[in-house]
Amino acid sequence: MKRLRKILFPFSLIYGSIAAIRNYMFDCGWKRQTTFDLPIICVGNLSVGGTGKTPQIEYLVRLLSDKFKTVTLSRGYKRKSEGFYLAADSTKMEDIGDEPFQYFSKFKNIHVAVDAKRVHGVQQILKRLPETEVILLDDAFQHRHIKAGFYVLLTKYDELYVDDLVLPAGNLREFKSGANRADVILVTKCPNDLSFENQNKIIHKLNPNVNQEVFFTTISYNENVTNGLKNFKVSELQNDSFIAVAGIAKPEYFFKHLNVIKNNFVTFPDHHHFSENDITLILEKAQGRKIITTEKDFMRLQGKLPEEQLFYLPIETHFLNNASSFDSKILDYVGKSTRNRCVHSAENSK
64 MKRLRKILFP FSLIYGSIAA IRNYMFDCGW KRQTTFDLPI ICVGNLSVGG TGKTPQIEYL
124 VRLLSDKFKT VTLSRGYKRK SEGFYLAADS TKMEDIGDEP FQYFSKFKNI HVAVDAKRVH
184 GVQQILKRLP ETEVILLDDA FQHRHIKAGF YVLLTKYDEL YVDDLVLPAG NLREFKSGAN
244 RADVILVTKC PNDLSFENQN KIIHKLNPNV NQEVFFTTIS YNENVTNGLK NFKVSELQND
304 SFIAVAGIAK PEYFFKHLNV IKNNFVTFPD HHHFSENDIT LILEKAQGRK IITTEKDFMR
364 LQGKLPEEQL FYLPIETHFL NNASSFDSKI LDYVGKSTRN RCVHSAENSK
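Position 198 (the sequence shown) corresponds to 261 in my numbering; numbering is contiguous.
Given below as structure tokens:
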């Protein structure tokens, strides 16, 4: 692996330099960035996949949606529709992608939209939903054409961006200096018992700038698997009573929580569209047993596998400490921006 990284390193310098030049052009104003007169929070990362963006977006939805009219805007990766799409009652997973469909299925008090061109997406949201008070941009840290008001950068505990290299030698989409655009840095998927001493070591390693604060989160799994009709406690599951199926970037934590043994699982690429052959493979592997998958995969598998066999394991993001400080930062930003927008609108109407 080290030898391969050395071989690929020159290509990483080229890739990273191209990204750096692009960022410089945006920073200097040579490339246009569009700003909007409402709070926009961007959640993203420097690396490719697996840092926990989906549960973090859901955390923000839970924090904001009871107080502010909230809309999520995603690219809609691997969806079958094109352009801007606003989810409605007739929307299917294929129309908007698995993660947006998960938001749409779980949260009935928000709107969910997709558009690869985020600027156009926000414009359409404001046109169709003028009452919108805050927009959550999903996985748009490198989408520099739009300038969000608040940036949340995620980095995985055991794969910190400071320890990684740019593609193709590593998994970074740009040089580590890109982290300077973040308002807060979240170290995700931490052990529940991560000590303050080790947290401080990581903070020292990340070396945040004076305007950034670092927080630590973990993935909290539900004690039950469910399909919306039935629930089973994870602690009561026997390995010979189910198989695990995952089509996500980093399935190790999911398998570990279920205590999956060797050869009792099936894996697929992230955002995988399950074909008829895949479904046949899963059913043959299951042999009538329960099929337990991730919440994101459940969105793509429901309707394709027998309802009585298919279950998913819900997850949530939890802060190890200082959750109230993070919440205050978000609520203060959104509240202040919303008030300023109201004042600005009132002045323009005079």
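A virtual CB, placed ideally from N, CA and C, is assigned to each residue, including glycine. This one's a predicted model, so the numbers in the text were calculated from it and none came from an experiment.
- In the structure shown, Ser283 falls within a strand segment according to DSSP collapsed to helix, strand and coil.
- Unbroken alpha helix (DSSP H) stretches of 4 residues or longer found wholly inside the segment 214-271: 259-269, given in chain order.
- Taking Asp390 as the centre and dropping the five residues before and after it, the same chain places the C-beta of Leu126 closer than 7 Å to its C-beta, in chain order.
- Beta-bridge pairing by DSSP links Ile103 to Ile198.
- Boundaries of the beta strand (DSSP E) harbouring Asn294: 294-296, taken from the DSSP string.
- Nearest neighbour of Leu200 by Cα position, chosen from Thr401, Leu368, Thr117, turns out to be Thr117.
- Burial state of Tyr87 is exposed, judged by a 10 Å Cβ sphere holding fewer than 16 other Cβ atoms.
- In the three-state reduction of the DSSP assignment, Thr401 falls in the helix class.
- In the structure shown, the three-state DSSP call for Glu121 is helix.
- Comparing alpha carbon positions, the residue from Gly107, Phe170, Gly113 closest to Asp202 is Gly107.
- In this structure, Asp161 lies away from Lys293, with their beta-carbon atoms at least 8 Å apart.
- Looking at the DSSP output, His174 shares a beta bridge with Val134.
- Comparing alpha carbon positions, the residue from Lys169, His206, Ser258 closest to Arg244 is His206.
- In the three-state reduction of the DSSP assignment, Phe337 falls in the coil class, being assigned neither a helical nor a strand state.
- Here DSSP, grouped into helix, strand and coil, assigns Ala309 to strand.
- In this structure, Ile311 keeps its C-beta atom at 8 Å or more from the C-beta atom of Thr251.
- Contact annotation, Phe295 with Val308: C-beta distance approximately 16 Å; criterion of less than 8 Å not satisfied.
- The DSSP assignment places complete beta strand (DSSP E) segments of no fewer than 3 residues inside the segment 347-400 at 353-357, 373-376, 378-382, in order along the chain.
- Per DSSP, reduced to three states, the secondary structure at Val182 is helical.
- Using a C-beta cut-off of 8 Å, the segment 280-288 makes contact with the segment 373-383, since at least three inter-stretch Cβ pairs fall below that distance.
- Contact holds between the segment 72-91 and the segment 223-233, because three or more Cβ pairs, one in each stretch, are under 8 Å apart.
- Taking the Cα positions, Asn172 is about 8 Å away from Asp129.
- Looking at Ala386, Leu189, Ile355, the one whose alpha-carbon comes closest to that of Thr281 is Ala386.
- Ile345 is positioned such that its CB atom lies closer than 8 Å to that of Leu368.
- Around the beta carbon of Gly92, a 10 Å sphere encloses fewer than 16 other beta carbons of the protein chains shown; the residue is thus reported as exposed.
- A straight-line Cα-Cα distance of about 48 Å links Gln372 and Ile81.
- For a cut-off of 8 Å, the C-beta gap from Thr97 to Ile209 is around 5 Å, short enough to register as a contact.
- DSSP places Leu189 in the helix class (H, G or I) of the three-state scheme.
- In this chain, the alpha helix (DSSP H) harbouring Phe317 covers 315-320.
- For the pair Glu222 and Gln186, the Cα-to-Cα distance works out to about 36 Å.
- Taking 8 Å as the cut-off, the Cβ atoms of Leu67 and Leu257 do not count as close.
- By the C-beta density criterion, Phe278 is buried, having at least 16 other C-beta atoms within 10 angstroms.
- Looking at the DSSP output, Phe328 bridges to Ala307.
- Ser110 carries a strand assignment under DSSP once its states are collapsed to helix, strand and coil.
- Residue Lys169 holds the alpha-carbon nearest to the alpha-carbon of Gly291 among Ser144, Lys169, Ile120, Thr133.
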